[in-house]
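Enquirer:
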Amino acid sequence: MSIFREHKSSADRSAADRKRHKAKIDKALREGIKDVIADESIIGQDGNKKVKIPVKGIKEYQFVYGENDQNKKAASAGDKQIKRGQVLRKKGSKGKGKPDKASNKAGEEYYEVEVTLDELAEYLFADLELPDLEKKKFKFIKDKKPKRSGYRKKGLRSKLSKKETIKRKIRRKKRAIAAGTWNPESGERFPFHEDDLKYKHLKMKNENNNSAAIFFLMDVSGSMDKEKKYLARSFYFILYQFLRYKYDNVEVVFISHSTDAKEVSEEEFFQRATMGGTIISSALEMEKDIINKRYHPSSWNIYTFYSGDGENWSFDNPKAVKLFEDLKNLSQMICYAEIDPHSHLTDRLGGGYNFGMQDPLNQDGLWYDLLPLVGEQFKLVKINKSSQIWPAFQVMFGGKN
Amino acid sequence: MKDWTVKDLQDWDDKICQIAKEKYDLDWFPIEYEILDYREMIGAMAYTGLPTHYRHWSFGKTFERTATRYNLGMEGLPYEMIINSNPSIAYLMLENPMSIHLLTMAHCVGHSDFFKNNRMFQDTDPDNVLARFKSAAKRVQKYIEDPNIGIENVERILDACHSIQYQVPRTPGIVRPDGNIFSDRKREETFPWEKDDSLLVDDKKDYNLLRFIRNHARNLEDWQKDLMEMVERRSSYFIPQAKTKIMNEGWAVLIHEKIMLDLELPDKYQLAFFKSHNQVVRPIVGRINPYHLGYTIFKKIEREHGFEECKIAREVHDDESFIRTYLDEELCAELNLFSYSYEKSQKNYSINDISDKEGWKSVRDALIKNVGLKSVPIVCVTDYDKRTNTLYITHEHDGRDLDLNYANKVYDYIRYLWDDDIFFTSIIEGEVWEF
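Top line first, the protein sequences correspond to chains Y and R.
This note's numbering applies: residue 1 is where the first sequence begins, and numbers increase by one.
This note's numbering applies: residue 1001 is where the second sequence begins, and numbers increase by one.
1. Quick one: measure Cβ to Cβ for A1313/R and F1322/R, integer angstroms, because I've assumed they're closer than 8 Å.
2. For V1379/R, which option in F1121/R, A1020/R, E1152/R and R1211/R has the closest C-alpha, if you only look at C-alpha atoms?
3. Kindly list, in the order they appear in chain Y, the residues whose Cβ is closer than 8 Å to that of V1231/R.
4. Which one or two residues does DSSP pair with A179/Y in a beta bridge?
5. Is I1301/R near Y1340/R, with beta carbons less than 9 Å apart?
6. Sorted by chain position, which residues of the same chain lie with C-beta nearer than 6 Å to V1280/R's C-beta, five sequence neighbours on each side aside?
7. Keeping to the same chain, check which residues put their C-beta closer than 7 Å to that of L373/Y; ignore five residues upstream and five downstream.
8. Helix, strand or coil, according to DSSP, for D1365/R in the structure here?
9. Look at the alpha carbon of A1252/R and the alpha carbon of K19/Y, and state the distance between them as a whole number of angstroms.
10. Closer than 7 Å by beta-carbon distance: list the chain Y residues that pair up with K1116/R, in chain order.
11. Would you please verify whether the beta carbon of A16/Y is less than 9 Å from any beta carbon of chain R?
12. Determine the burial state of T1190/R: buried for a count of at least 16 other Cβ atoms within 10 Å of its Cβ, exposed for fewer.
13. Could you tell me which of K1061/R, I1016/R and N1086/R sits nearest to I1031/R, measuring between CA atoms?
14. First and last residue of the beta strand (DSSP E) that includes G1294/R?
15. For K319/Y, which residues from the same chain have a beta carbon less than 7 Å from its beta carbon, with the 5 sequence-adjacent residues on both sides left out?
16. Which residue wins for smallest C-alpha separation from Q86/Y, given the options I1354/R, R1234/R and K1134/R?
17. Spell out whether any CB of chain Y is found under 9 Å from the CB atom of K1311/R.
18. Using a Cβ-Cβ distance under 9 Å, would I3/Y count as near chain R?
19. For A1217/R, list the residues DSSP reports as bridge partners.
20. Nearest CA to the CA of L1404/R: which residue from P1377/R, D1420/R, W1418/R and N1389/R?
21. Could you give the C-beta distance for E277/Y and L366/Y, rounded to a whole number, given that I count them as a contact under 8 Å?
22. Quick one, which residues of the region 1326–1356 of chain R are near chain Y if we go by CB-CB under 7 Å, in chain order?
23. Just mark N1289/R as buried or exposed, buried being the case when its beta carbon has 16 or more other beta carbons within 10 Å.
24. Which residues of the region 55–75 of chain Y have a Cβ closer than 7 Å to any Cβ of chain R? Give them in chain order.
25. For A75/Y, does the three-state DSSP call read helix, strand or coil?
26. Could you name the residues of the region 1392–1407 of chain R whose beta carbon sits closer than 8 Å to any beta carbon of chain Y, in the order they occur along the chain?
27. Which of the three DSSP states, helix, strand or coil, is assigned to K147/Y?
28. Can you tell me whether I279/Y is helix, strand or coil according to DSSP?
29. Per DSSP, what are the beta-bridge partners of E1431/R in this structure?
30. In the structure shown, what three-state DSSP assignment does N1348/R receive?
31. Is the beta carbon of R1400/R sitting closer than 9 Å to the one on Q70/Y?
32. Among I170/Y, W182/Y and Y236/Y, whose alpha-carbon lies nearest the alpha-carbon of I463/Y?
33. Which chain R residues sit within Cβ distance under 8 Å of L29/Y?
34. Would H1097/R pass as an interface residue toward chain Y - the criterion being a Cβ-Cβ separation below 9 Å?
35. Would DSSP call F188/Y helix, strand or coil?
36. Any C-beta of chain R sitting closer than 9 Å to the C-beta of K98/Y?
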């Protein structure tokens, strides 16, 4: 009595709605990442390392009752013995697992998504483009790959190009007809000739690889306190991830300095604290030296990032400016980041990346000496708090929000 | 491996329908079964079974969640899905064996009979529901493709409307003293502001927040109002199902059990049927299984008052009145029901009451407070100042405080729709709360 029929499904009906949902997750993820980058410091880590990103859930909000003792619910206990006051489970703990902190705070507004650093970089930088990549000679030839390179008369049977061979036979046939040496109506075969045979030729070719050398320079003198270093580190993290994402081959050099410079490991770089004054030129000179010895600009794309709190011994300023200019000519990009979490003035002047804006209270200092250099290759940024890291990054590399 | 043909389905269906009609005098809409694979089933589920439904990202989310959970083996797919329409559209999953199909078909007869007879459904217009959803889907698509509107704007309105989708009247059929049913459409005429310009009369409340905003917000464009009406009509179509989940499932289980036993199934089906049936009607510890609860109550009614009483119950009750009328101490204890809540100070859930002589009523009341739409707070219009275009809305506090995090978000949505001043009050921890 009922009717039976095949379901007529419109090809994958929910595809469009799934795509919209995915777009929302991606957006939430990107927003979550911006909060998280300031907390991560994983330069040099394997791209497969996983980080947890809190994502604002794609929730559908409605009025609901709060979880409290007025909100009583009922359930069946099956065949289990129960008594009043019995504790059922801790909130948020799922069986044996640890309590899920992220989902507990802020009323379960967040959930965590685990992504690898590679994915993270992809999310971060999908919208951005590196400034004009000049084609360089590359130091490394990472792998040689066979590439097609025309045809040859001799070769292996498996490399025989049927198309080219037949083309030649047809050409020869037409010539024969024109010359009257072969009559198509005669029923006679027109066989392949050895001259028709063409073989695909492969040649080993060098795959161009783009290599980048990143120089992270930092002032570790007494005035660079923990908070400043933390900001610098966060900034470097995102720079590193970006360049690693864009280049196949990335090498990082860490140079820390106070009155003199030293090439250090990543770990030392962020830990090293010294007393004493600040001579920026010492680090710049060392970089120049290292570039000359190890990373010649003809084979390496060089990126230089300097961060400090803006303090320098004033006699050193002219020298530092000169060196910055030299390095600017060697580098794809060079950035001078002034990190000052205690500056409220810059906040009022409209964010921490107000390069080009005159600080009315302080007209001298390295910052102002460097202003004439600002351009495509030379960037000045100020970072006063972690939320300015991402905008600073965008100032440097452009891109959309 | 398929152990059935469409011919098998037809033959068994004839027997099922014959028993349902002749032995139990059921009255249901003709059923049209669609045979689909599991992925299509998940797709249909995402849109609550409707063959056409307007687009919204939340259905994509539902699809992903269901598909993930199913693929991970976290949950199976339901045996049955049937739509309240005339004819009723139901789905049979290609991968299921014949024994499951038999159960599903008998079960669907129960549901369709319930849709046709329960008074909560009388305003759902099952004859035209499919056409209505189809037209809504077309219009939404049109707005999405309209270069002056676009998907972002459509989503903004739908997101906001969905946040208050249940802030519409929840009593589809109220029995008037003269015995006639007084439907929602007629009821609106009794509100003065629907007809003339007079303001809200004291002690009048309008429970149709969605419609009130649609009618009185000053900056809404026609396409926005159209979307709002769509969501409202969708809600009034689904609310009866939400209000009768326990009864509807209980009734369908009761019916499929009877029919399956009457069919005198061959052994190969019989055993598999009992296995599936027992899975459906077992209690789930720590939760309420609506199939189990509804079925158990109907069994009790049948035991004490006969099957005819069951049929009357399926006509006149919703879950709330059903439970209030028939769930007694004995049954509470048999079901081993308890009430529990979250103790903020202890940061844990603990049992408040169990189904003994002192506790069963409080357990039953906790249950009632969470059936159907009882778990969705009511927020209604209490006043409207036409001069300043200020909307006054209030949460009807029933002892349970709102979750403020959610309430704030929804408040933002309401403000987005109303686009003018709103006074929204509730009670939080015993004190008046103004948003």
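Glycine included, C-beta positions come from ideal geometry on N, C-alpha and C.
Since we're looking at a predicted model, the values are computed, not measured.
Expert: The relevant details are as follows:
1. Indeed, because the Cβ distance is near 6 Å, the residues count as touching under 8 Å.
2. It is R1211/R whose Cα lies nearest to the Cα of V1379/R.
3. Result: empty, since nearest Cβ-Cβ is about 12 Å, beyond 8 Å.
4. In the DSSP output, where bridge partners are listed per residue, A179/Y has none listed.
5. Taking 9 Å as the Cβ cut-off, I1301/R and Y1340/R do not qualify as a contacting pair.
6. Cβ neighbours of V1280/R beyond the five flanking positions: Y1291.
7. These residues qualify, in order along the chain: F324, E325 and K328.
8. Under the three-state reduction of DSSP output, D1365/R falls in the helix class.
9. Going from the Cα of A1252/R to the Cα of K19/Y covers about 36 Å.
10. Ordered by position in chain Y, no residue passes the 7 Å Cβ test against K1116/R, which lies about 15 Å from the chain.
11. Answer yes: the Cβ-Cβ gap between A16/Y and chain R drops below 9 Å somewhere.
12. A caution first: T1190/R carries a pLDDT of 42, below 50, which makes its placement in the model too unreliable to give a value.
13. Looking at the Cα atoms, N1086/R is the closest of the given residues.
14. Counting along the chain, G1294/R sits inside no beta strand (DSSP E); it lies in the alpha helix (DSSP H) bounded by residues P1290 to H1305.
15. Taken in chain order, the residues that qualify are S281.
16. Measuring from the Cα of Q86/Y, the nearest candidate turns out to be I1354/R.
17. At a cut-off of 9 Å between C-beta atoms, K1311/R does not count as an interface residue with respect to chain Y.
18. Interface with chain R (9 Å Cβ-Cβ cutoff): I3/Y is included.
19. Per DSSP, none; premise fails for A1217/R.
20. When each option's Cα is compared against that of L1404/R, the closest is P1377/R.
21. Contrary to the premise, residue 277/Y reads as Gly rather than Glu in this sequence. Wrong, their Cβ atoms sit about 14 Å apart, outside the cutoff.
22. Cβ contacts with chain Y: L1335, N1336, L1337, F1338, S1339, Y1340, S1341, Y1342, E1343, K1344, K1347, N1348, Y1349, S1350, I1351, N1352, D1353 and I1354.
23. Label assigned to N1289/R: buried.
24. Listed in sequence order: I58, E60, Y61, Q62, F63, V64, Y65, G66, E67, N68, D69, Q70, N71, K72, K73, A74 and A75.
25. DSSP, read as helix, strand or coil, puts A75/Y in strand.
26. Here the close residues are H1395, G1399, R1400, D1401, L1402, D1403, L1404, N1405, Y1406 and A1407.
27. Note: K147/Y maps to strand in three-state DSSP.
28. For I279/Y, the three-state secondary structure derived from DSSP is coil.
29. Assignment of beta-bridge partners to E1431/R by DSSP yields I1428/R.
30. Looking at N1348/R - three-state DSSP - the assignment turns out to be strand.
31. In this structure, R1400/R sits near Q70/Y, with a CB-CB distance shorter than 9 Å.
32. An answer regarding residue 463/Y cannot be provided, because it is not within the stretch 1 to 401 covered by chain Y.
33. Neighbours of L29/Y on chain R: none; closest Cβ ~15 Å, over 8 Å.
34. Per the sequence shown, residue 1097/R should be read as Pro rather than His. No, P1097/R does not count as interfacial toward chain Y.
35. Before going on, a small fix: residue 188/Y reads as Glu here, not Phe. Coil at E188/Y, not helix or strand.
36. Interpretation of K98/Y is limited by its pLDDT of 34, a score under 50 that renders its predicted location unreliable; the figure taken from the coordinates is listed afterwards. No, no contact with chain R.
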